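Below you'll find the structure, written out as structure tokens, and then a few comments.
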Amino acid sequence: MEELNNKSTSFNDIFYKMNRIIMETQPKEFSIESQKELVELCLKKYTLEKLQELGFNKMISDTESKALDLIGLFDILVTMIPKKKHFDTIRFYIHYILEFAGSLQGWSITWYSENQEDTEISFDIDGKWTELTTPLNEDYAQTFKFVYDVFQSKFMVKSPVKKINNKSMN
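All residue numbers in the sequence shown are consecutive under the working numbering, ending with 198.
This is the structure we're talking about:
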């Protein structure tokens, strides 16, 4: 495993490769649910590609790796990358989700790192998601899981229909 940790692979290609995978997938609809599935499918393909670059395919069969979900594959990836390299690798996953969510909303999401020990990972959401705040020394793998969970469970859900004066408004 140490030999794998010494291999170098670039993760700054996530934007190009994810867009390529999305274009190859050609979704037939653009519902919220289909976009959630598309992002998960594409991130899974991207993660499998990175695991292959790191030699993971020598440790587990194709069938076994395809049976894992995104978080399972991501957990394996994280163990293959030394913690000191997480900033140069894992942060690109976080930036991708923030950029994708921002483009769907029509405004960007800013990521702040605060140099305070008591800072908790948080996001603001008042019908929109405009920022993510993390402690400066936060584990990037945990931050990705938090951001992905927010993206899947909070952001990518249909907003309830609001009624004002008996009129439906979205």
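For glycine and all other residues, C-beta sits at the position ideal for the given N, C-alpha and C. Quantities reported herein were computed from a predicted structural model and do not represent experimental measurements.
Considering only the alpha carbon of each residue, which of the options lies closest to residue i?
| i | options | result |
| --- | --- | --- |
| GLU127 | TRP157, ILE104, ILE149 and ASN143 | TRP157 |
| SER181 | LEU82, TYR121, ASP146 and ALA129 | ALA129 |
| SER89 | SER38, GLU52 and LEU76 | LEU76 |
| THR107 | TYR121, LEU96, PHE120 and PHE84 | PHE84 |
| ASN96 | SER62, LEU69 and ASP116 | According to the sequence shown, residue 96 is Leu rather than Asn. The shortest C-alpha separation from LEU96 is found at LEU69. |
| TRP139 | TYR44, THR117 and THR162 | THR162 |
| ARG48 | LEU66, PHE58, SER59 and LEU82 | LEU66 |
| ILE104 | PHE115, GLN80 and ASP116 | GLN80 |
Specify, as a first and last residue, the run of the alpha helix (DSSP H) that residue i falls within.
| i | result |
| --- | --- |
| GLU62 | Residue identity check: residue 62 is Ser in the sequence provided, not Glu. It spans 60 to 81 - the alpha helix (DSSP H) in which SER62 sits, taken as one unbroken run. |
| SER93 | 90 to 95 |
| LEU164 | First-last for LEU164: undefined, no H or E at that position. |
Am I right that residue i and residue j are in contact with their C-beta atoms under 8 Å? What's the rounded C-beta distance?
| i | j | result |
| --- | --- | --- |
| LEU160 | ASN143 | Not quite, the Cβ-Cβ distance comes to about 16 Å (not below 8 Å), so this is no contact. |
| LYS120 | ASN40 | Before going on, a small fix: residue 120 reads as Phe here, not Lys. With 8 Å as the limit, PHE120 and ASN40 qualify as a contact, their Cβ atoms being about 6 Å apart. |
| GLU98 | LYS72 | This sequence places Leu at residue 98; Glu is not what is there. About 5 Å; that satisfies the 8 Å criterion. |
| THR37 | LEU82 | 6 Å |
Given a threshold of 16 other Cβ atoms within 10 Å of its Cβ, counted over all protein chains shown, does residue i qualify as buried or as exposed?
| i | result |
| --- | --- |
| MET51 | exposed |
Is the segment 107 to 117 close to the segment 158 to 178, with three or more CB pairs under 8 Å? The segment 107 to 117 vs the segment 158 to 178: in contact.
Does the count of Cβ pairs from the segment 172 to 179 and the segment 117 to 126 closer than 8 Å reach three? These segments touch.
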